[in-house]
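Each remark here refers to the structure printed beneath this line.
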Amino acid sequence: MTHAVSPAREAAATPAGPSLYGGKSNRRVTIRDLALAKERGEKWPMLTAYDAMTASVFDQSGIPVILVGDSMGNCHLGYETTVPVTMDEMTMLSAAVVRGTRRALVVGDLPFGSYQEGAVQGLRSATRLVKEAGVGAVKLEGGERSLRQTELIVQAGIPVMSHLGLTPQSVNAMGYRVQGRSDEDAHRLLRDAKAAQDAGAFAVVLELVPAELAAEVTRSLHIPTVGIGAGADCDAQVLVWTDMMGLTEGKLPKFVKQYADLRKTMGDAARAFAEDVAGGSFPQEEHAFH
Numbered sequence: 007m008t009h010a011v012s013p014a015r016e017a018a019a020t021p022a023g024p025s026l027y028g029g030k031s032n033r034r035v036t037i038r039d040l041a042l043a044k045e046r047g048e049k050w051p052m053l054t055a056y057d058a059m060t061a062s063v064f065d066q067s068g069i070p071v072i073l074v075g076d077s078m079g080n081c082h083l084g085y086e087t088t089v090p091v092t093m094d095e096m097t098m099l100s101a102a103v104v105r106g107t108r109r110a111l112v113v114g115d116l117p118f119g120s121y122q123e124g125a126v127q128g129l130r131s132a133t134r135l136v137k138e139a140g141v142g143a144v145k146l147e148g149g150e151r152s153l154r155q156t157e158l159i160v161q162a163g164i165p166v167m168s169h170l171g172l173t174p175q176s177v178n179a180m181g182y183r184v185q186g187r188s189d190e191d192a193h194r195l196l197r198d199a200k201a202a203q204d205a206g207a208f209a210v211v212l213e214l215v216p217a218e219l220a221a222e223v224t225r226s227l228h229i230p231t232v233g234i235g236a237g238a239d240c241d242a243q244v245l246v247w248t249d250m251m252g253l254t255e256g257k258l259p260k261f262v263k264q265y266a267d268l269r270k271t272m273g274d275a276a277r278a279f280a281e282d283v284a285g286g287s288f289p290q291e292e293h294a295f296h
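Residue numbering for the sequence shown follows our numbering, beginning at 7 and increasing consecutively.
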């Protein structure tokens with residue numbers, strides 16, 4: 007007996023399109039789409055976002071994956087590092103990003119202290135991001151040291167993105183420096199990447215890793231690698247949005263390409279507004295109600 011397939015189910019079974027970037031918008035991007043992109047050799051972009059408005063801009067621009075990163079601590083909440091970010095903050099801002107998107111796969115970071123106690127704590131935190139914020143996947147730092155957490159979260163049906171190389175939550179132990187330069191460190195990172203894959207991770211972020219090592223990891227895995235300061239051979243690339251848009255104050259990391267200068271644009275607009283108000287030229291008649 008044959009059964010008719012509803013349009014909704016047919017759409018759900020169809021890949022996002024010939025390209026992840028700017029593909030079909032009738033459903034969310036899934037981890038299966040990312041796996042198929044790896045098979046096709048297709049590279050794709052990922053950006054961070056921490057609010058509904060910014061997320062909607064990126065979603066409508068065709069960005070297929072949006073990360074609600076714990077980088078919100080530095081560039082959105084005013085902390086010096088990512089370490090102070092809480093589950094309450096992550097849940098609230100992740101929910102805002104989900105509300106601002108229609109197509110992108112939204113990945114929520116598990117902040118420091120939300121999974122280090124063990125697998126059960128990690129599952130509890132991941133479940134909260136899925137149930138309360140609506141994210142489609144979670145990210146956590148560490149390969150072998152987070153193996154049990156990854157396994158249990160994946161077994162519960164929650165996709166996990168691993169994060170290796172420079173792991174900002176461990177900044178107090180490792181500092182901000184390129185990871186994997188020695189043979190020993192390189193072997194450890196490759197081992198961590200394979201462990202994350204074996205535990206069920208659907209992708210691995212490689213941060214501040216020598217380009218040659220990142221290329222070797224990418225060739226060794228059947229899941230996508232997402233580079234940030236890891237060279238051009240990763241399957242995908244991610245940047246913190248305030249960095250690439252020129253909103254971050256001070257010197258940018260070497261790996262950042264700045265695509266706009268929003269800090270100058272916003273500053274110019276604020277000064278123009280202030281001058282209009284001080285000079286009495288705003289508001290004018292067309293801005294008043296009668």
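Beta carbons: idealized from backbone N, C-alpha and C, even for Gly.
Bear in mind that the values here come from a model prediction, so they are computed numbers and not experimental data.
Practice problem: With DSSP collapsed to three states, give me the class of residue 149. | Solution: Residue 149: coil per DSSP, three-state reduction.
Practice problem: Would you please state the rounded distance, in angstroms, between the beta carbons of residue 40 and residue 208? I believe it to be under 8 Å. | Solution: 7 Å
Quiz item: From residue 157 to residue 142, what does the alpha carbon distance come to, in whole angstroms?
Solution: Roughly 17 Å between the two C-alpha positions.
Quiz item: Hey, out of 227, 26 and 92, whose CA is closest to residue 43's CA?
Solution: For residue 43, the nearest C-alpha among the options comes from 26.
Quiz item: Taking the C-alpha atoms as reference points, what is the distance between residue 284 and residue 223?
Solution: 58 Å
Quiz item: Does the beta-carbon of residue 110 have 16 or more other beta-carbons within 10 angstroms, so that it is buried, or is it exposed?
Solution: buried
Quiz prompt | For residue 37, the nearest candidate out of 196, 214, 28 and 166 (CA to CA) | solution = 166
Quiz item: Mapping DSSP to helix, strand and coil, what is residue 29?
Solution: coil
Quiz item: Sorry if obvious, but does the Cβ on residue 192 come closer than 7 Å to a heavy atom of the ligand SAH?
Solution: No copy of the ligand SAH occurs in the structure displayed, which carries no ligand at all.
Quiz item: Helix or strand or just coil, what does DSSP make of residue 278?
Solution: Correct three-state label for residue 278: helix.
Self-check item: Uninterrupted beta strand (DSSP E) stretches inside the segment 35-74 (no shorter than 3 residues)
Solution: 50-54 and 71-74
Exercise. Output the distance between the C-alpha atoms of residue 231 and residue 290, rounded to the nearest integer angstrom.
Key: 54 Å
Quiz item: Exposed or buried, residue 288, counting other C-beta atoms within 10 Å across all chains shown (16 or more means buried)?
Solution: exposed
Self-check item: Outcome for residue 254 when other beta-carbon atoms lying within 10 angstroms are tallied against a minimum of 16
Solution: buried
Practice problem: Quickly, what does DSSP pair residue 213 with across the bridge? List them, please. | Solution: Residue 213 pairs with 171 and 234.
Self-check item: Proximal residues to residue 292 (C-beta, below 8 Å), its chain only, five neighbours per side dropped
Solution: Exclusion of the five residues before and after residue 292 leaves no residue of its chain whose Cβ lies closer than 8 Å to its Cβ.
Quiz item: Going by the CB atoms, is the gap between residue 146 and residue 116 shorter than 8 Å?
Solution: yes
Quiz item: Among residues of its own chain, excluding the 5 on either side of residue 248, which ones have a beta-carbon nearer than 6 Å to its beta-carbon?
Solution: 81 and 254
Exercise. Output the boundary residues of the beta strand (DSSP E) element that contains residue 243.
Key: 242-245
Quiz item: So, are the CB atoms of residue 83 and residue 245 less than 8 Å apart?
Solution: no
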